[in-house]
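Student:
2 protein chains.
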Amino acid sequence: MVANLLFRADDLQNYMVDFFRKLGVPHEDARRSAEILLAADLHGINSHGIIRLFTYYGKRLKNKQMQPVTQITIKNETPATLAIDAGNGMGQVAGFYTMQRSIEKAQTSGVCFATVSNSNHYGIAGYYAKMAIANDMIGMSFTNSQPLVAPTFGKTAILGTNPIAVAAPAGNERPYILDMATSIVPLGKVAVYDKAAEPIPEGWGVDNKGNMTTTPAEVINGGALMPLGGPEIMRGYKGYGLGLMVDIFSGILAGAAFGPHVARPRTSDDTANVGHFFAAINISFFRDVAEFKSDMDEMIQILKNAPKAENEPRIFIHGEKEIEKSEKYLKEGIPLMETVVESLKEAGNEIGVPFNLQPITI
Amino acid sequence: MVANLLFRADDLQNYMVDFFRKLGVPHEDARRSAEILLAADLHGINSHGIIRLFTYYGKRLKNKQMQPVTQITIKNETPATLAIDAGNGMGQVAGFYTMQRSIEKAQTSGVCFATVSNSNHYGIAGYYAKMAIANDMIGMSFTNSQPLVAPTFGKTAILGTNPIAVAAPAGNERPYILDMATSIVPLGKVAVYDKAAEPIPEGWGVDNKGNMTTTPAEVINGGALMPLGGPEIMRGYKGYGLGLMVDIFSGILAGAAFGPHVARPRTSDDTANVGHFFAAINISFFRDVAEFKSDMDEMIQILKNAPKAENEPRIFIHGEKEIEKSEKYLKEGIPLMETVVESLKEAGNEIGVPFNLQPITI
Numbered sequence: 006m007v008a009n010l011l012f013r014a015d016d017l018q019n020y021m022v023d024f025f026r027k028l029g030v031p032h033e034d035a036r037r038s039a040e041i042l043l044a045a046d047l048h049g050i051n052s053h054g055i056i057r058l059f060t061y062y063g064k065r066l067k068n069k070q071m072q073p074v075t076q077i078t079i080k081n082e083t084p085a086t087l088a089i090d091a092g093n094g095m096g097q098v099a100g101f102y103t104m105q106r107s108i109e110k111a112q113t114s115g116v117c118f119a120t121v122s123n124s125n126h127y128g129i130a131g132y133y134a135k136m137a138i139a140n141d142m143i144g145m146s147f148t149n150s151q152p153l154v155a156p157t158f159g160k161t162a163i164l165g166t167n168p169i170a171v172a173a174p175a176g177n178e179r180p181y182i183l184d185m186a187t188s189i190v191p192l193g194k195v196a197v198y199d200k201a202a203e204p205i206p207e208g209w210g211v212d213n214k215g216n217m218t219t220t221p222a223e224v225i226n227g228g229a230l231m232p233l234g235g236p237e238i239m240r241g242y243k244g245y246g247l248g249l250m251v252d253i254f255s256g257i258l259a260g261a262a263f264g265p266h267v268a269r270p271r272t273s274d275d276t277a278n279v280g281h282f283f284a285a286i287n288i289s290f291f292r293d294v295a296e297f298k299s300d301m302d303e304m305i306q307i308l309k310n311a312p313k314a315e316n317e318p319r320i321f322i323h324g325e326k327e328i329e330k331s332e333k334y335l336k337e338g339i340p341l342m343e344t345v346v347e348s349l350k351e352a353g354n355e356i357g358v359p360f361n362l363q364p365i366t367i
Numbered sequence: 006m007v008a009n010l011l012f013r014a015d016d017l018q019n020y021m022v023d024f025f026r027k028l029g030v031p032h033e034d035a036r037r038s039a040e041i042l043l044a045a046d047l048h049g050i051n052s053h054g055i056i057r058l059f060t061y062y063g064k065r066l067k068n069k070q071m072q073p074v075t076q077i078t079i080k081n082e083t084p085a086t087l088a089i090d091a092g093n094g095m096g097q098v099a100g101f102y103t104m105q106r107s108i109e110k111a112q113t114s115g116v117c118f119a120t121v122s123n124s125n126h127y128g129i130a131g132y133y134a135k136m137a138i139a140n141d142m143i144g145m146s147f148t149n150s151q152p153l154v155a156p157t158f159g160k161t162a163i164l165g166t167n168p169i170a171v172a173a174p175a176g177n178e179r180p181y182i183l184d185m186a187t188s189i190v191p192l193g194k195v196a197v198y199d200k201a202a203e204p205i206p207e208g209w210g211v212d213n214k215g216n217m218t219t220t221p222a223e224v225i226n227g228g229a230l231m232p233l234g235g236p237e238i239m240r241g242y243k244g245y246g247l248g249l250m251v252d253i254f255s256g257i258l259a260g261a262a263f264g265p266h267v268a269r270p271r272t273s274d275d276t277a278n279v280g281h282f283f284a285a286i287n288i289s290f291f292r293d294v295a296e297f298k299s300d301m302d303e304m305i306q307i308l309k310n311a312p313k314a315e316n317e318p319r320i321f322i323h324g325e326k327e328i329e330k331s332e333k334y335l336k337e338g339i340p341l342m343e344t345v346v347e348s349l350k351e352a353g354n355e356i357g358v359p360f361n362l363q364p365i366t367i
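Listed below in structure tokens is the structure:
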């Protein structure tokens, strides 16, 4: 078992702000970007959090592959639509701006659909979808990403893990927050099995011939992830279809890169030209908000109280585990693997913002 | 192997029009409903076609569980939103009306989101999404349906097979038309294995204890379908989350029935209060339509020309198989199983519109 160190959420947030500021990101943008990265760690989605601070952002900012100042250009705007160019700036800054504007527009128009082109990795998709909830709206966000997933009957990575995030408010119950990659698992999960020298379940990935493999290294080296569903007999072409849908909305409709054209942030020298998609849907334009929330509560209670499968104590609603985790981590600290802390120290020295945070001692 | 009889598409269409008219459906509505049912058979989705003429529609119309004249009430309308009550009429009539109005609204507003409550089964979701394509729009449609799917870690059916349909135009290539249940397979597919006394793949369904079973009868009698993905280790909770999303949009947001409240059309005496959701997205509000289509063509070509897995000759785009099937069936006739023809004859006699069509002889 890899040892974890616990850090205070505030400390990590402040460190990331300093890190981004040192690289020329304006204070407000640095704060926003740090907050969205931290949200991933807080919710237990550590693959999308501080672990990427250097590889996805610091290195690319230092090498001028992305811009520290996010110059947003409005390509097209109407009361219910918005098309943005993010000027190869911070994905988080462009994402937050666009979702906020979408929510404003949906206040008066009922709905707003928005696209962002010329952007970079924006963190967890669920963060943006969730912004709608406090405004009594349903929120959606998709983004494309570097190619890692093979289409059904293919053997090479063409699509990203292209996530779908949808959030809807409830009344007394916790909200519904779906935030899912359209692959079965992210590549990072396969890497964890590889490091542990354990086989992966059949169906997660294919080798370089397109055959399903349980050897994680064969997926990582020349193979590809499988889409949600896995093989054809389990209807993996539906996951492939959803991944393609995300690329149509956030890549092609946005006028951003798509499919294999999306750059790999770790290794590519090119600008990424990642695309995002956002939607805000004002519930009050369809029905009474209190009635909507009351029905959401009832649906959630029906699901949670439904008869359980043998040996299963609990049925979950999407987002519930993550909310519970963030409550725990805010209190007790966020766990980071020792190897992650080491790489943060290395990156901190390279950028000139030493990572000197002290872990919490229990 | 069950024997199939071939019928001309026109003959089946005309028969269904007569059938609906006999039950009091106005001519134009009968024509529309027949056309949408026929579209399912033409595209090889025969579970949603003429096979349901009596069980889902004829019987319920005869028993006055649904209204032959679809009285549409507009509950709320703005330039980019529409909320409709279908008056417990024909789902196809309400669906066509609402998608058409959504497309009209998106001509000037750029997007339109629409909900329908108090409706009935509307056939294949893909039909409505596809309507957007000819207008250079992206179309979406969801609908909820009778409970057949267990949530992850549950053992009873709470959610319908709640389909997601999304369609986007291409240029020279065929359009992208995703039309997928959020379960792995429909219950009808499990029934086919049951009749053939063959085991189903592990992961399609659970027995009455919530354990995965390969015995189709255990899924049908007291068990439930599994959501896309299957068990937790293969991330079946994502399919469960998508099914819940469909119910939030088409059930709860619409103010229709949701979850286990959606009536079972074959057995329930209640009105169904099915809910639908539609969206039309005008591409020209986001980018140049010709450029969008050119990028769609490129993406489709990249996927189709990508290296194939061992022993796999072809990578498909969603909707492609169905379009090819409809071209073949329009020419050669639509295959119906002998048992289906028998049940059509029975139903025809009961309603007073004898099914006397002659199969095509080759």
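In order, the protein sequences belong to chains A and B.
With the first sequence counted from 1, adding 5 to any position gets you the numbering used here.
With the second sequence counted from 1, adding 5 to any position gets you the numbering used here.
Here a beta-carbon is modelled for each residue, glycine too, at the ideal position from N, C-alpha and C.
Treat the numbers as computed from the prediction; the structure is a model and nothing was measured.
On the DSSP letters alone, give me the boundaries of the alpha helix (DSSP H) that Asn408 (chain B) sits inside.
Tutor: In the structure as shown, chain B begins at 6 and stops at 367. Residue 408 (chain B) is therefore absent and cannot be evaluated.
Student: Going by other Cβ atoms of all chains shown within 10 Å of its Cβ, with 16 needed for buried, is Lys160 (chain A) buried or exposed?
Tutor: Its Cβ being crowded by 16 or more others within 10 Å, Lys160 (chain A) is buried.
Student: Can you round the beta-carbon distance between Asn278 (chain B) and Ala262 (chain B) to whole angstroms, since I take them to be within the 8 Å contact cut?
Tutor: Yes, they are in contact, since the Cβ atoms of Asn278 (chain B) and Ala262 (chain B) sit about 4 Å apart, within 8 Å.
Student: Against chain B, with Cβ distances strictly below 9 Å, would Ile50 (chain A) count as a contact?
Tutor: Chain B contact via Cβ: absent.
Student: For chain A, is any of its Cβ atoms less than 9 Å away from the one on Ala311 (chain B)?
Tutor: So yes, Ala311 (chain B) belongs to the interface.
Student: Excluding the five sequence neighbours on either side, which residues of its own chain have a C-beta within less than 7 Å of the C-beta of Tyr102 (chain B), listed in chain order?
Tutor: Around Tyr102 (chain B): Ile77.
Student: May I have the straight-line CA-CA distance separating Asp212 (chain B) from Gly228 (chain B), to the nearest angstrom?
Tutor: Those two C-alpha atoms are separated by around 4 Å.
Student: Rank A:Lys333, A:Gly54 and A:Ile129 by C-alpha distance to the C-alpha of His281 (chain A) and give the top, closest one.
Tutor: Looking at the Cα atoms, A:Ile129 is the closest of the given residues.
Student: Classify Asn213 (chain A) as helix, strand or coil using the three-state DSSP reduction.
Tutor: Coil at Asn213 (chain A), not helix or strand.
Student: What separation, rounded to the nearest whole angstrom, lies between the Cα atoms of Pro359 (chain A) and Leu28 (chain A)?
Tutor: About 13 Å.
Student: Excluding sequence positions up to five away, which residues of its chain have a Cβ less than 6 Å from the Cβ of Met6 (chain A)?
Tutor: Low confidence applies here, because Met6 (chain A) scores a pLDDT of 48, under 50, leaving its location unreliable; read the following figure in that light. Nothing listed; no residue qualifies.
Student: In the structure shown, what three-state DSSP assignment does Thr373 (chain B) receive?
Tutor: Not covered by the structure: residue 373 (chain B). The range shown for chain B is 6 to 367.
Student: Below 9 Å on C-beta distance, what does Lys160 (chain B) contact in chain A?
Tutor: Going along chain A in sequence order, the residues near Lys160 (chain B) (Cβ under 9 Å) are Ala311, Pro312, Lys313, Ala314, Glu315 and Glu317.
Student: Counting only runs of 3+ residues fully inside the segment 296 to 364 of chain B, write out the beta strand (DSSP E) ranges in chain order.
Tutor: As far as the segment 296 to 364 of chain B is concerned, its whole beta strand (DSSP E) runs of at least 3 residues are 339 to 342.
Student: Provide the residue span of the beta strand (DSSP E) that contains Phe283 (chain B), from first to last.
Tutor: Taken as a continuous stretch (DSSP letters only), the beta strand (DSSP E) holding Phe283 (chain B) covers Val279 to Asn287.
Student: Can you grab the Cα-Cα spacing for the pair Gly324 (chain B) / Arg37 (chain A), in whole Å?
Tutor: Cα to Cα, the separation comes out at about 41 Å.
Student: Could you give the uninterrupted runs of the beta strand (DSSP E) lying entirely in the segment 175 to 207 of chain A, keeping only those of 3 residues or more?
Tutor: 181 to 185, all fully within the segment 175 to 207 of chain A.
Student: So Met71 (chain B) is in the alpha helix (DSSP H); what residue range does that whole segment cover?
Tutor: No alpha helix (DSSP H) contains Met71 (chain B), which DSSP labels as neither H nor E.
Student: Who are the Cβ neighbours of Asn123 (chain B) in its own chain at under 7 Å, not counting the five residues just before and after it?
Tutor: Excluding sequence neighbours, Asn123 (chain B) sits near Asp90, Ala91, Gly92, Asn93, Ala261 and Asn278.
Student: Rounding to the nearest angstrom, what Cα-Cα distance links Ala39 (chain B) and Val22 (chain B) in this structure?
Tutor: If you take the alpha carbons of Ala39 (chain B) and Val22 (chain B), they lie about 6 Å apart.
Student: Going straight from the alpha carbon of Ile108 (chain A) to that of Gly248 (chain B), what length do you get?
Tutor: Using only the alpha carbons, I get a separation of about 25 Å.
Student: Thinking just about the alpha-carbon of each residue, which of B:Gly215, B:Lys194 and B:Lys326 is nearest to the one in Pro206 (chain B)?
Tutor: When only C-alpha atoms are compared, the closest one is B:Lys194.
Student: Skipping 5 residues on each side, what residues in its chain have a beta carbon closer than 6 Å to that of Asp16 (chain A)?
Tutor: Answer for Asp16 (chain A): Leu362, listed in chain order.
Student: Which stretch, first to last residue, makes up the beta strand (DSSP E) that contains Ser38 (chain B)?
Tutor: Counting along the chain, Ser38 (chain B) falls outside any beta strand (DSSP E), though it belongs to the alpha helix (DSSP H) covering His32 to Leu47.
Student: Ignoring anything shorter than 3 residues, give me the beta strand (DSSP E) runs that lie fully in the segment 86 to 153 of chain A, in order along the chain.
Tutor: With a minimum length of 3 residues, the continuous beta strand (DSSP E) runs that stay inside the segment 86 to 153 of chain A are 86 to 90, 116 to 124 and 142 to 148.
Student: Report yes or no: do three or more beta-carbon pairs, one from the segment 132 to 144 of chain B and one from the segment 160 to 173 of chain B, lie closer than 8 Å?
Tutor: The answer is yes - the segment 160 to 173 of chain B touches the segment 132 to 144 of chain B, with three or more Cβ pairs under 8 Å.
Student: Mind listing which residues of the segment 62 to 96 of chain A have their C-beta closer than 7 Å to chain B's C-betas, in chain order?
Tutor: Listed by position, the residues of the segment 62 to 96 of chain A near chain B (Cβ gap below 7 Å) are Asn81, Thr83, Ala85, Thr86 and Ala88.
Student: Determine the chain A residues that contact Tyr133 (chain B) at a beta-carbon separation under 7 Å, and present them in chain order.
Tutor: By Cβ distance, chain A contributes nothing, its closest Cβ being about 16 Å from Tyr133 (chain B), past 7 Å.
Student: I need the straight-line Cα distance from Leu349 (chain B) to Ile56 (chain B), nearest angstrom please.
Tutor: Near 8 Å, if we compare the C-alpha coordinates of Ile56 (chain B) and Leu349 (chain B).
Student: In terms of residue numbering, what span does the beta strand (DSSP E) encompassing Ala155 (chain A) cover?
Tutor: It is not in any beta strand (DSSP E) - Ala155 (chain A) carries neither H nor E in the DSSP assignment.
Student: May I ask which residues mark the beginning and end of the alpha helix (DSSP H) holding Ile225 (chain B)?
Tutor: Unbroken alpha helix (DSSP H) run through Ile225 (chain B): Pro221 to Ile225.
Student: According to DSSP, simplified to helix, strand and coil, what is Leu247 (chain B)?
Tutor: Leu247 (chain B): helix per DSSP, three-state reduction.
Student: Thinking Ile41 (chain B) and Gln97 (chain B) are a contact (beta carbons under 8 Å), I'd like their distance in whole angstroms, please.
Tutor: About 4 Å separates the two Cβ atoms, so the contact holds.
Student: So the beta strand (DSSP E) Leu17 (chain B) belongs to, where does it begin and stop?
Tutor: Segment Ala14 to Lys27 is the alpha helix (DSSP H) holding Leu17 (chain B); no beta strand (DSSP E) there.
Student: Tell whether a beta-carbon distance below 9 Å holds between Phe291 (chain B) and Thr86 (chain A).
Tutor: Yes; because the gap between Cβ atoms is below 9 Å, this pair is in contact.
Student: Could you tell me which chain B residues have their CB closer than 8 Å to the CB of Asn216 (chain A), listed as they occur along the chain?
Tutor: Chain B residues near Asn216 (chain A): Ala314 and Glu315.
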